[in-house]
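Protein chains in written order, with our numbering: chain C, 6 to 276; chain E, 2 to 292. By construction, the Cβ of each residue, glycine as well, lies at the ideal position given by its N, Cα and C atoms. Take a look at the structure set out below.
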Amino acid sequence: MLVFDTLTKRFGDKTAVDSVTVTVEKPTMIGIIGRSGAGKSTLLRMINRLSDATEGSITFNGEEITSLRGAAKRDWQSRCAMIFQQFNLVPRMDVVSNVLHGTLNKRSTLATMFNLFPQADIHKAIEILDRLGIAEQAPKRSEALSGGQQQRVAIARALMQDPKIILADEPIASLDPMNAQVVMQALRRIHEEDGRMVIANLHTLDTARRYCDRVIGMRDGRVVFDGTPAQLTTGVARDIYGAGIGFSEAATSTEIETLDRPEVREAEAYV
Amino acid sequence: MADISLSAASQNVESIQASYMAQVQRRRLYGGLTLLIFIVLMVSGFNIADARNAGGFWDGIGRVFDYPADVLSEAWEKRADLPGLMAKYFPALVETINIAAVSTLIGAIGGLLLSFLGTRGLAKWPRLIPLFRRISDIMRAVPEIVIALMLIFVMGGGPVPAMIAIAIHTAGALGKMFSEVAENADLKPVEGLASTGATWSQRMLLGVLPQVLPNYVSYTLLRFEINIRASAILGFVGAGGIGYELRNAMAWGPGRFDEAGAIFILLFATIVFFDQVSSRYRNRLTEGQGQ
């Protein structure tokens, strides 16, 4: 379904993504883990074509993505939604307008300038917001919302695109644990109920373990692990993060429950 | 139980949809009205201007290019003289650029002080913010040419009145632009410096200026370009420089259009030159920020 073939991205003499070759057969929820600078974001941005690949190719259902230009590229972007760490909404516009931005690829500039979205789209946008539990925020400006609510608006915008793939670049990195859980559960539900492929960059191991069917580990631009969450042992995780023996998964956890686990208390005792 | 809450929820969604649609309709109505008012103002404004015009716009539009055509054709006939004339007027051009440079420098220093004193969160005397803002408003509101005419009346013609006039306007305009940049500056470094017991001028110099300097320099270079044009115009009212020569050449009418042509070429080349130089430098400043 989705195939990366020796996908490479260089910035000057620095290689951010180094010949990544991965095949995804069916819609899966995939978590990409690795420390900052491992090339996770660059990989997602290449899939959405926000940045161009230096070498290699991305193929989706037999269609070559990396060579698309102009309108064909924008059409692909509308089929491949992206969610960002900092939400990337238009702060001064209301929530529904932000969600309606998901349909921009189908509308002309003139129609969007005068805010002439069809009533059916507006109703659909509010239904999506309701599905994510924030319908009552519909008329507010998006900057007035909390981080977790803004991220759900961003997910609603992605859903409005009715995409085959949803890319999420550190979707919970700027959220508190409670909101992080709500957002991850929303992404999981979208994957299960709609059968959309979800690829998420995550910076905590336990989130990847808990929500994803497949985990890809990256280090210095290369894929160093590709398997199920069960195969992701502490030893493998230490390899991915290049961490020493003191590395403990629970110490980086954002889950509230882990607070009761004994190893965290030990870790805190060291501090 | 679950059914009841479900239907209540869906009803809730419907009411949200309805109220949002009403809001959208209202917004579209306002948008349409604004557009209508805009068009009406455009058309009526144009008609009034046309009616009050001495000759009428539609009769005159055909002759718009007559004067440039006269100048061009005469300059073309005497094109052999052009290099000599350009050399003749070069000192006047230098005088014009000189006026612009000095007034930009003085104006930028004035604008810097006005901006720090008139920005919320930075001002030394927060109560006097409105005073400094009004001062910069006044300096900006009076056209350069008015100040220059007044000063020429008092001090006699020459480059100094033009320089003062442009400097005053520049201080006001840059004060406004600078203070808008300073408003967006991060106050955390200022607080950090205040915690070490730094004085106000030290806080501004070390905490704010490094953040805003690239923008300030870029605005100042833009202002320098504008001031070259302004100082050329002030030459028309007797402030010296190339504007004075241009007025003379144009006032003499046919016969000296070659001189006017030479001056136009000089002015155009100067403005293109400084535009290129400053845009290159501005790009370096804004893009090279991270290094």
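Endpoints, the alpha helix (DSSP H) within which residue i is located
i, result
"T105/E", "L83 to L118"
"M205/E", "Element bounds for M205/E: n/a, residue is neither H nor E."
"F154/E", "E145 to M156"
"I127/C", "Q124 to R136"
"T238/C", "Careful: T238/C lies outside any alpha helix (DSSP H) and carries neither H nor E."
"V295/E", "Residue 295/E lies beyond the stretch modelled for chain E, which goes from 2 to 292, so this question has no answer here."
"P127/E", "P127/E -> no alpha helix (DSSP H), and no H or E assigned at all."
"I139/C", "Note, I139/C: premise wrong, no alpha helix (DSSP H); not H, not E."
"A185/C", "P182 to D199"
"D67/E", "D67 to E78"
"A159/C", "G152 to M165"
"D60/E", "F58 to G61"
Beta-carbon proximity list for residue i, same chain, < 7 angstroms, skipping 5 on both sides
i, result
"V25/C", "F9, L12, L48 and V228"
"S6/E", "In this prediction, S6/E has a pLDDT of 45, which is less than 50 and means its spatial position is unreliable; nothing more can be read from the coordinates."
"N216/E", "V182"
"I264/E", "Y90, I243, E246, L247 and A250"
"D231/C", "V27 and I221"
"A149/E", "P162, A163, A166, L235, V238 and A240"
"L94/C", "N103, S147, Q155, V158 and A159"
In DSSP terms, what residue i is bridged to
i, result
"G36/C", "A205/C and V220/C"
"K14/C", "V22/C"
"R146/C", "D99/C"
"F9/C", "V27/C and I63/C"
"R227/C", "R224/C"
"G232/C", "V220/C"
"E68/C", "F65/C"
Nearest candidate by alpha-carbon position, reference residue i, set the options
i, options, result
"A240/E", "M43/E, V41/E and L94/E", "L94/E"
"N53/C", "N103/C, I177/C, G222/C and Q82/C", "Q82/C"
"M34/C", "P96/C, Q190/C and Q236/C", "Q190/C"
"T233/C", "R214/C, P123/C, G42/C and G251/C", "R214/C"
"P144/C", "L180/C, A125/C and N103/C", "N103/C"
"T97/E", "D51/E, I272/E and L86/E", "I272/E"
"R134/E", "I146/E, T120/E, P144/E and F66/E", "T120/E"
"H196/C", "M6/C, K169/C and R97/C", "K169/C"
"N66/C", "T59/C, A86/C, A58/C and E30/C", "E30/C"
"V100/C", "A125/C, Q155/C, E60/C and I177/C", "Q155/C"
"P84/E", "D259/E, G61/E and V218/E", "D259/E"
"Q124/C", "R136/C, Q142/C, L137/C and L105/C", "L105/C"
"A81/E", "L268/E, G262/E and A270/E", "G262/E"
"D211/C", "R97/C, K19/C and G36/C", "G36/C"
"A178/C", "L192/C, N206/C and F230/C", "N206/C"
"L7/C", "E69/C, G17/C and R224/C", "E69/C"
"L123/E", "Q203/E, R27/E and V65/E", "Q203/E"
"A88/E", "L268/E, F274/E and Y68/E", "L268/E"
"G153/C", "H128/C, A185/C, F252/C and E141/C", "A185/C"
Beta strand (DSSP E) segment containing residue i, residue limits
i, result
"R230/E", "Element bounds for R230/E: not the beta strand (DSSP E) but the alpha helix (DSSP H), L210 to L235."
"A86/C", "C85 to I88"
"A278/C", "Residue 278/C is absent from the structure shown; chain C starts at 6 and stops at 276."
With 16 other Cβ atoms within 10 Å as the buried cut-off, status of residue i
i, result
"K111/C", "exposed"
"N284/E", "exposed"
"A76/C", "exposed"
"I250/C", "exposed"
"S113/C", "exposed"
"G44/C", "buried"
"N54/E", "exposed"
"S147/C", "buried"
"Q18/E", "buried"
"S196/E", "exposed"
"M43/E", "exposed"
"A101/E", "buried"
"L150/C", "buried"
"D60/E", "exposed"
"Q91/C", "exposed"
"Q166/C", "buried"
Contacts around residue i, its chain only, beta-carbon distance under 6 angstroms, and the 5 residues preceding and following it disregarded
i, result
"R40/C", "Y246"
"A186/E", "V209, Q212 and V213"
"V27/C", "F9"
"A163/C", "A86, I88 and I171"
"G112/E", "A172, L175, G176 and F179"
"K189/E", "none"
"K78/C", "R54"
"V241/C", "F230"
Other residues of its chain near residue i: CB distance less than 8 angstroms, five sequence neighbours each side excluded
i, result
"R248/E", "G236 and F237"
"A142/E", "G173"
"T117/C", "L109"
"D276/E", "E226"
"S8/E", "Any reading at S8/E needs caution, since the residue's pLDDT is 47, under 50, leaving its predicted position unreliable; the model's value is listed next. If we look at S8/E and ignore the five residues flanking it on each side, it has no Cβ neighbours."
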